[in-house]
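What the sequence shown shows, in this note's numbering, is residues 26 to 418, in sequence order.
For reference, the structure is listed below as structure tokens.
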Amino acid sequence: MVRRGRVAVVGGSLGGLTAALLLRDSGHDVIVYERSAAELEQRGAGIGFLPASSRYLAERAGVDLDEISISTKYIRYLDRQGLVIHEQKQPYRFSNWNTVYRSLLRRFDRERYLLGHECVDIHQEHGKVQIMLADGKETEVDLLVCADGVGSRARSCLLPQVKPQYAGYVAWRGVVSEQELGEDAVPFGDAITYHVYANSHILVYPIPGIDGSVRRGDRLINFVWYRNYLLGGDLIDLMTDSDNELHEVSLPPGTPRPVHIDEMRATAAARLPERIARAVLAVKAPFVQAIFDLEVPQMSFGRVCLLGDAAFVVRPHAAAGTAKAASDAWELARALAEHPDFESALRAWEPGQLELGRNLLARTRRIGRRSQVDCNWTPGDPELIFGLYEPGR
Ligand SMILES: Cc1cc2nc3c(=O)[nH]c(=O)nc-3n(C[C@H](O)[C@H](O)[C@H](O)COP(=O)(O)OP(=O)(O)OC[C@H]3O[C@@H](n4cnc5c(N)ncnc54)[C@H](O)[C@@H]3O)c2cc1C
26 MVRRGRVAVV GGSLGGLTAA LLLRDSGHDV IVYERSAAEL EQRGAGIGFL PASSRYLAER
86 AGVDLDEISI STKYIRYLDR QGLVIHEQKQ PYRFSNWNTV YRSLLRRFDR ERYLLGHECV
146 DIHQEHGKVQ IMLADGKETE VDLLVCADGV GSRARSCLLP QVKPQYAGYV AWRGVVSEQE
206 LGEDAVPFGD AITYHVYANS HILVYPIPGI DGSVRRGDRL INFVWYRNYL LGGDLIDLMT
266 DSDNELHEVS LPPGTPRPVH IDEMRATAAA RLPERIARAV LAVKAPFVQA IFDLEVPQMS
326 FGRVCLLGDA AFVVRPHAAA GTAKAASDAW ELARALAEHP DFESALRAWE PGQLELGRNL
386 LARTRRIGRR SQVDCNWTPG DPELIFGLYE PGR
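So this is what it looks like as structure tokens:
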């Protein structure tokens, strides 16, 4: 086992927090540097809650998953008229980003979770890692875990040639409370509901309320609608907010321009099954996430490693991005427990996580291509089942 040391985690979202908790549990002295000045918030965005994502909370924190997530029983496809054209039994769990984040953060030492700390540069020398922060301070650690997401600063220092590649489409997303939707919410309560049409698909599922409540009525109905926007003017126009600021990755609630919201709503009304359209139209503050692919050739660099979206960004069609970040963290903790020093632990950890990222990226690219380009997505195809390692697992 690696001697216990001082570890920094850059990025305090779901991947970084899971790594911080696991390494803290192994006895390391862990500090998290999070760029955001305030606690992170994603205003209720839903996530498919795969076993790897919930593993820390279930195994280490004794959390009853039914208290922080919702189980659905079916996958259901609707045709344009709203008739069920395919239904199969397939249990899934869904949670919302805020609930999972808060549940993890509650288990970490708050004085070691430093908000408003942006890492701007890193160096390695004499078996130590130096981290430069935006406020000019420097700190030195034995191991640096970079979980700073798709725009990772650490990755641009280590692998400047690697850049995210736009997939050709974005996800329009939003939530509306069951209470507000009333009777219209009922059909979405026990399933993930899909509608697939030419070069697009939308999915709808229930998630806990903003306050984390899983009680019927308090919950939210969440939609994710994949729509194609051409790289260049089309995408730039969408991603430019009312203050004329261009957002590269996501437009948070309240920032998409009215012209785009109006277009999205008009298309929903004209093109989606009425039941789904009513849910989309009831969403007050829809938001947008552009879909990217990102792949690194290397995840370990001496005593520095890239984890989660900093290393591989995969399309959301397997609902496995968070699960992959969590798996990177669990395997890292295992490697540190099994190897005599930080460098050899990272070297041993890297191949399995590279393989996981590559396989997941290839699978989600295939699924995305079938929906958004080739239009041969068939309801009931087992490849479309969520899963980290393979469909269903
Ligand atoms: C439409 C959509 C739907 C999705 N659905 C699912 C799903 O159902 N299930 C699922 O598992 N995943 C899903 N994902 C993927 C999931 O959101 C990501 O894979 C996951 O959040 C990655 O976590 P992360 O911790 O690696 O990075 P991030 O969550 O991106 O966190 C990076 C953190 O680093 C911080 N940071 C950035 N730069 C710096 C810096 N220089 N210094 C300090 N801090 C910094 C940021 O503020 C942020 O807090 C979805 C993604 C999209 C786009």
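Just so it is clear, CB atoms sit at the ideal spot from N, CA and C, and this is done for glycine as well.
Nothing here was measured: the structure is a model prediction, and the numbers come from that model.
Where does C182 fall in DSSP's three states?
-> Here C182 carries a helix assignment [DSSP, helix/strand/coil].
Alpha carbon of A172 to alpha carbon of E363, nearest angstrom | So the alpha carbons of these two residues sit roughly 22 Å apart.
Out of K162, Y117 and F367, state which residue places its alpha-carbon closest to the alpha-carbon of G417.
-> Closest by alpha carbon: Y117.
With burial defined as no fewer than 16 other Cβ atoms inside 10 Å of the residue's Cβ, what is the status of A387: buried or exposed?
-> The residue in question, A387, is exposed, as its Cβ has fewer than 16 Cβ neighbours within 10 Å.
Looking at the structure shown, is G333 part of a helix, part of a strand, or coil, going by DSSP?
-> Correct three-state label for G333: helix.
Compare the beta carbon distance of I110 and P404 with 9 Å and say whether it is the shorter of the two.
-> A contact, by the Cβ cut-off of 9 Å.
Straight-line CA distance for P311 to P322?
-> So the two alpha carbons sit approximately 35 Å from each other.
Under the criterion of a Cβ to heavy atom distance below 8 Å, does Q314 qualify as lining ligand 1?
-> Yes; taking the cut-off as 8 Å, the Cβ of Q314 has a heavy atom of ligand 1 nearer than that.
Among all the DSSP beta bridges, which residues are the ones paired with Y126?
-> In the DSSP assignment, no residue is bridged to Y126.
Beta carbon of L169 nearer than 9 Å to that of A159 | Taking C-beta atoms as the reference points, L169 and A159 fail to come closer than 9 Å.
Flag D160 as yes when its Cβ comes closer than 8 Å to any non-hydrogen atom of ligand 1, and as no otherwise.
-> Not so, every heavy atom of ligand 1 lies at least 8 Å from the Cβ.
Going by C-alpha distance, which of E408, P278, R300 and L263 is nearest A70?
-> Taking A70 as reference, the option from E408, P278, R300 and L263 with the minimal CA-CA separation is P278.
L206 and I156 closer than 9 Å at C-beta = Not closer than 9 Å, so no.
When DSSP builds the beta bridges, which residues end up paired with I232?
-> Bridge partners of I232: L245.
Check whether the Cβ of G234 lies closer than 8 Å to any heavy atom of ligand 3, and answer yes or no.
-> Only ligand 1 can be found as ligands here, which leaves ligand 3 out of the picture.
Taking the alpha carbon of L371 as the point to measure from, which residue in L385, N384, W355 and R383 has its own alpha carbon closest?
-> Measuring from the Cα of L371, the nearest candidate turns out to be W355.
Pick helix, strand or coil for D262, following the three-state DSSP scheme.
-> Of the three classes helix, strand and coil, the one that applies to D262 here is helix, per DSSP.
Report the three-state DSSP secondary structure of A343 (helix, strand or coil).
-> The DSSP-derived three-state label of A343 is helix.
Roughly how many whole angstroms lie between the Cα atoms of R137 and R390?
-> Each residue's CA atom was taken as its position, placing R137 and R390 some 38 Å apart.
Can you check whether the CB of I316 is closer than 9 Å to the CB of V229?
-> Result no, Cβ atoms of V229 and I316 do not sit closer than 9 Å.
Is the beta carbon of V154 sitting closer than 9 Å to the one on A33?
-> For the 9 Å CB-CB criterion, V154 and A33 form a contact.
Which runs of the alpha helix (DSSP H), 4 residues or longer, sit entirely within the segment 96-178?
-> Within the segment 96-178, the runs of alpha helix (DSSP H) that reach at least 4 residues and sit entirely inside it are, in chain order, 122-130.
Cβ of M324 within 9 Å of Cβ of Q397?
-> Taking C-beta atoms as the reference points, M324 and Q397 fail to come closer than 9 Å.
Under the assumption that W122 contacts Q186 (Cβ atoms under 8 Å), give the Cβ distance between them as a whole number of angstroms.
-> So it is not a contact: roughly 31 Å between Cβ atoms.
Can you tell me which of the three DSSP states N401 falls into?
-> The answer is coil: DSSP assigns N401 none of H, G, I, E or B.
Pull up the CB-CB distance for A77 and A344, whole angstroms please, since I reckon it's below 8 Å.
-> Not really, about 11 Å apart at Cβ, beyond 8 Å.
Do you know how far the Cα of L256 is from the Cα of R101?
-> Approximately 32 Å, taken between the alpha carbons.
Give me whichever residues DSSP pairs with L199 in a beta bridge.
-> With the sequence shown as reference, residue 199 is identified as Gly, and Leu is not the correct amino acid for it. Here G199 is bridged, per DSSP, to F248.
Just tell me which of E375, L108, G41 and V57 has its CA closest to the CA of H142.
-> If we check each option's Cα against that of H142, V57 comes out closest.
For Y222, which three-state DSSP category applies?
-> The DSSP-derived three-state label of Y222 is strand.
Closer than 8 Å: F74 CB and nearest ligand 1 heavy atom = Yes.
Determine which residues share a DSSP beta bridge with L276 and list them.
-> Per DSSP, the beta bridge partners of L276 are V313.
Determine the DSSP secondary structure at Y254, reduced to helix, strand or coil.
-> Coil.
D318 by DSSP, collapsed to three states: which one?
-> Strand, per DSSP.
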